[in-house]
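In the working numbering, the protein residues as written are 444 to 782. For each residue, glycine too, the CB sits at the ideal point set by N, CA and C.
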């Protein structure tokens with residue numbers, strides 16, 4: 444798409460009234476995120492030149508090997524958010540527990556929490572495949588003037604006031620929503636500024652791409668197996684094209700532009716799914732719905748799930764509206780009960 448002359452900062456200020464609790468906080472939160480994103484983008488683009496790839500020899504709370512860039516991105520986003528003194532709490536996929544931020548004079552009067560997956564798909568870094576950052580913003584529900592509690596983070600996705608992702612690929616893009624559509628901004632690295640490049644992003648209502656790790660096919664619920672076979676049949680506009688990058692941000696970003704569906708179901712190996720509800724599924728679901736798509740756990744709306752744990756997992760199906768409707772139809776027909 445043709446690049447606009449409008450910067451991310453100008454766009455946020457221009458649309459500040461769309462933010463439900465408009466008083467300047469949104470601009471400051473996004474200032475923090477875009478600054479951290481530029482720093483991480485710089486490091487990602489140097490990954491082949493400096494000692495920033497590979498594992499650090501430790502595992503995160505998910506039991507996954509931490510990559511050096513995971514740790515770097517995590518520290519960068521957390522410190523940038525803390526330094527701007529705008530949030531009262533932060534939860535990261537890489538941390539065991541949430542972080543309480545006291546704010547100015549340690550008065551705990553800030554109103555917003557941020558949940559973040561600092562570097563989604565980081566295992567792809569050393570093979571030069573696109574990775575991303577996912578973030579979600581909520582208004583706290585405990586009283587101002589007190590430290591945040593777990594209750595503030597265990598909110599359903601419908602309570603999100605903003606969500607977005609950054610994709611570090613052939614260009615670096617920041618895509619976000621505050622509940623008034625989805626807009627994408629591309630970084631001009633020469634001057635370090637994000638410009639509006641993809642206004643009012645929309646999922647095509649139908650698509651021809653399905654994104655799933657078919658290597659796990661034998662472990663999938665019967666409804667998913669049946670849907671995959673449906674995608675492969677030579678009927679109407681099928682067979683569909685199979686495209687799977689293994690980076691949630693990259694797969695969904697492509698499908699939003701091209702039209703398609705992303706599937707990460709339960710399996711016999713991952714009885715609750717693999718993706719995290721709070722850091723990955725809810726923010727992406729908010730974006731997908733605002734772009735005219737649909738996000739489901741296979742049976743119901745993802746954003747209506749009431750979380751019970753900080754690192755809770757869920758099956759996830761999202762993308763072009765009619766495609767998600769179809770996979771839900773197959774799930775119900777197979778009468779597959781959730782684990």
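Which first and last residues belong to the beta strand (DSSP E) in which residue i is found?
{"i": "residue 582", "result": "574-582"}
{"i": "residue 617", "result": "615-620"}
{"i": "residue 737", "result": "737-739"}
{"i": "residue 762", "result": "759-762"}
Check whether chain C comes within 9 Å of residue i, counting only Cβ atoms and requiring the distance to be less than that.
{"i": "residue 582", "result": "The question asks about chain C, but that chain is absent: this structure has only one protein chain."}
Return helix, strand or coil for residue i, following the three-state DSSP convention.
{"i": "residue 749", "result": "coil"}
{"i": "residue 389", "result": "In the structure displayed, the chain extends from 444 to 782; residue 389 sits before or after that span and is not available."}
{"i": "residue 676", "result": "coil"}
{"i": "residue 634", "result": "coil"}
{"i": "residue 469", "result": "helix"}
{"i": "residue 529", "result": "coil"}
{"i": "residue 651", "result": "coil"}
{"i": "residue 591", "result": "coil"}
{"i": "residue 523", "result": "helix"}
{"i": "residue 734", "result": "coil"}
{"i": "residue 660", "result": "helix"}
{"i": "residue 546", "result": "coil"}
{"i": "residue 683", "result": "coil"}
{"i": "residue 773", "result": "helix"}
{"i": "residue 516", "result": "helix"}
{"i": "residue 535", "result": "strand"}
Excluding the five sequence neighbours on either side, which residues of its own chain have a C-beta within less than 8 Å of the C-beta of residue i, listed in chain order?
{"i": "residue 614", "result": "629, 630"}
{"i": "residue 751", "result": "597"}
{"i": "residue 687", "result": "654, 655, 656, 657, 694"}
{"i": "residue 635", "result": "481"}
{"i": "residue 723", "result": "536, 560, 563, 577, 691, 759"}
{"i": "residue 554", "result": "464, 468, 531, 582, 583, 587"}
{"i": "residue 732", "result": "738, 746"}
{"i": "residue 781", "result": "With a pLDDT of 47 at residue 781, under the threshold of 50, the modelled position of this residue cannot be trusted; read the value that follows with caution. Answer for residue 781: 709, 740, 741, 742, 758, listed in chain order."}
What residue range is occupied by the uninterrupted alpha helix (DSSP H) comprising residue i?
{"i": "residue 600", "result": "Note, residue 600: premise wrong, no alpha helix (DSSP H); not H, not E."}
{"i": "residue 700", "result": "691-701"}
{"i": "residue 452", "result": "451-457"}
Leaving out the 5 sequence neighbours to the left and right, which residues in its chain are closer than 7 Å to residue i when beta-carbon positions are compared?
{"i": "residue 524", "result": "475, 530, 533, 557"}
{"i": "residue 720", "result": "748, 750, 755, 756, 757"}
{"i": "residue 717", "result": "707, 756"}
Determine the closest residue to residue i out of the options, with distance taken between C-alpha atoms.
{"i": "residue 575", "options": "642, 581, 595, 611", "result": "611"}
{"i": "residue 584", "options": "457, 717, 577, 599", "result": "599"}
{"i": "residue 479", "options": "460, 540, 549, 560", "result": "560"}
{"i": "residue 766", "options": "663, 699, 528", "result": "699"}
{"i": "residue 745", "options": "679, 572, 602", "result": "602"}
{"i": "residue 692", "options": "659, 683, 578", "result": "578"}
{"i": "residue 674", "options": "665, 477, 652", "result": "652"}
{"i": "residue 734", "options": "483, 711, 538, 620", "result": "620"}
Can you name, in chain order, every residue of its own chain whose Cβ lies under 6 Å from the Cβ of residue i, other than the five neighbours on each side?
{"i": "residue 764", "result": "648, 736, 737"}
{"i": "residue 455", "result": "470, 473"}
{"i": "residue 741", "result": "758, 760, 774"}
{"i": "residue 564", "result": "574, 690"}
{"i": "residue 639", "result": "447, 449, 454, 628"}
{"i": "residue 430", "result": "Here the chain covers residues 444 to 782 and nothing more, so residue 430 does not appear."}
Look up residue i in the DSSP assignment and give the residues it is bridged to.
{"i": "residue 481", "result": "DSSP output for residue 481 lists no bridge partner at all."}
{"i": "residue 609", "result": "576, 617"}
{"i": "residue 640", "result": "According to DSSP, residue 640 bridges with nothing at all."}
{"i": "residue 705", "result": "654, 761"}
{"i": "residue 722", "result": "In DSSP, residue 722 forms no bridge with anything."}
{"i": "residue 629", "result": "616, 638"}
Consider the C-beta atom of residue i and the heavy atoms of the ligand NAP; say whether any pair is separated by less than 8 Å.
{"i": "residue 716", "result": "Only the bare structure without any ligand can be found here, which leaves the ligand NAP out of the picture."}
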